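In case it helps, full-length UniProt numbering puts the sequence shown at residues 1 to 348. From the three backbone atoms N, C-alpha and C, an ideal C-beta is built for every residue, glycine too. On a predicted model such as this, the values are computed, not experimentally measured, just so you know. Have a look at the structure below before the remarks.
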Amino acid sequence: MGRKKNQKAKGEATDRLPLFEGAATSEVGMPRKRHYRQRAHANPLSIHHLEYPPSPAQMDWSTHFPAFFEPPTAEGQGSKNLKGKKVEFADVGCGFGGLSISLAPLFPETLMLGLEIRVQVTQYVSDKIRALRLNPGSVDPDNAEDVAAAAAEGTAHPEDEPAAKRQKVEAKDAKKSKVRGIKPELMPPEGYAYDNVSVLRANAMKFLPNFFEKGQLSKIFFLFPDPHFKARKHKARIISPTLLAEYAYVLRPGGLLYTITDVPDLHIWMTSHIGAFPLFQRLTDEEIDNIGLTSGEGVVGYEGSDLQRERERAVMEAVKKRTEEGRKVERNQGGKEWSVWRRLPDPE
Ligand SMILES: C[S@@+](CC[C@H](N)C(=O)[O-])C[C@H]1O[C@@H](n2cnc3c(N)ncnc32)[C@H](O)[C@@H]1O
């Protein structure tokens, strides 16, 4: 049975650590994936012990977004919203967090959350965000493009350098260096420090409406979801008619749902189920290219900006190439198929 967040066992640690508790490493430098080994797959139908709030209003977001929320003052209450912001992007099955981490600086005023079921993978993303908050220009040592860019800038540091020294020098460099991989015109403002991105260990197939209100999200991503090839395992697929009703509930009318996969059969499965659901309409290639120009689809707070379309194109680029799975498919020169869907207004 699931365990509601406000029903914590007596004696359980209540210390507030930013983000996810119990880091796998004590370092605050960029984490290495090899320290976060975990089975390749988790069975979402057999994980039952995850915490969730009784309702979105009772969720404590302060550990995820301390710059935006203050901790609750009483048991059973939610965190105090300091800036009137709510999570708007959900990256479902975020894996190692490549999408959310690359979108965060593009939308510095938008809160985004990766949802991941595997504990060590969630921990990795949490540690990576923590390191980026401390040093926004940190180099991801597992990302060849990042390392090459840093080498070209002269901000890379050899791995055999003592960790303490490396972190000190990197921290100094980070102040000078900009967020990587973003066009200059889309750079976040000076002082940007990844406060708007976090990760939550959760089973996205359960309790999504406990975390998000009706119509709260403007984007929901399903990027390279686990294919669950065998027919008897299809019920574990993250897109299904029942779950689509939940996704439509948390996504606002005009909001966008994105899918991408390198498994042709899964692409057919996802697009046929979403296509059969009355509240989603598929965007044509031309519409995908023009996201941001049409009213109602933009991200709250960025409407009407000249850069809106540019930013949305960067989102599509990230969907295709910025996740770890996307990079792997790219390296192996595999094919990818994607789709983008507009959440239609509720019928009268
Ligand atoms: C193939 S990986 C893709 C990761 C990432 N989206 C990417 O493109 O690199 C799928 C991820 O979804 C996670 N996952 C599977 N079922 C899930 C669920 N019900 N809730 C949350 N995460 C889930 C898995 O643990 C895995 O990390």
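- Checking the DSSP bridge columns, you'll see A90 partnered with L113, I220.
- Beyond the five residues adjoining it in sequence on each side, R133 comes within less than 6 Å, by CB distance, of A193, Y194 in the same chain, given in chain order.
- For M270 and K230, the gap between their C-alpha atoms comes out near 15 Å.
- From the listed residues P54, L344, K83, S339, the smallest Cα separation to E75 is found for P54.
- With three or more CB-CB distances shorter than 8 Å, the stretch 93-101 counts as touching the stretch 314-330.
- At a cut-off of 8 Å, the beta-carbon of F212 does not count as near ligand 1: no heavy atom of the ligand is closer than that.
- For ligand 1, a non-hydrogen atom lies closer than 8 Å to the CB of G98.
- Listed as beta-bridge partners of L200 by DSSP are L115.
- Bounds of any alpha helix (DSSP H) do not take in E348, whose DSSP letter is neither H nor E.
- Judged by DSSP in its simplified three-state form, S55 adopts coil rather than helix or strand.
- In this structure M30 touches A131 by the C-beta definition: roughly 5 Å separates them, less than 8 Å.
- In this structure D262 touches F224 by the C-beta definition: roughly 7 Å separates them, less than 8 Å.
- The beta carbon of S79 is closer than 8 Å to those of M59, D60, W61, S62, F69, E70, P71, P72 in its chain, skipping five residues each way along the sequence.
- I260 has its alpha-carbon roughly 10 Å from the corresponding atom of G335.
- Ranked by how close their Cα comes to the Cα of I182, the residues E145, L200, I239, G93 have E145 in first place.
- In this structure, DSSP gives T242 a helical state, which the three-state scheme calls helix.
- S339 is bridged by DSSP to T259.
- Checking the 8 Å criterion, the Cβ of F229 is out of range of every heavy atom belonging to ligand 1.
- Taking the CA atoms as reference points, P184 sits about 40 Å from S240.
- Looking at the backbone, the Cα of V119 and that of R201 are separated by about 7 Å.
- At a cut-off of 8 Å, the beta-carbon of A202 counts as near ligand 1: some heavy atom of the ligand is closer than that.
- For F211, the uninterrupted alpha helix (DSSP H) segment begins and ends at 208-211.
- Between ligand 1 and F224, a heavy atom-to-CB distance of less than 8 Å is present.
- A straight-line Cα-Cα distance of about 28 Å links F221 and G191.
- At least one heavy atom of ligand 1 lies less than 8 Å from the C-beta of V121.
- G254 and R343 do touch by the CB rule: their CB atoms are close to 6 Å apart, below 8 Å.
- Remark: the shortest separation between the CB of L115 and any heavy atom of ligand 1 falls under 8 Å.
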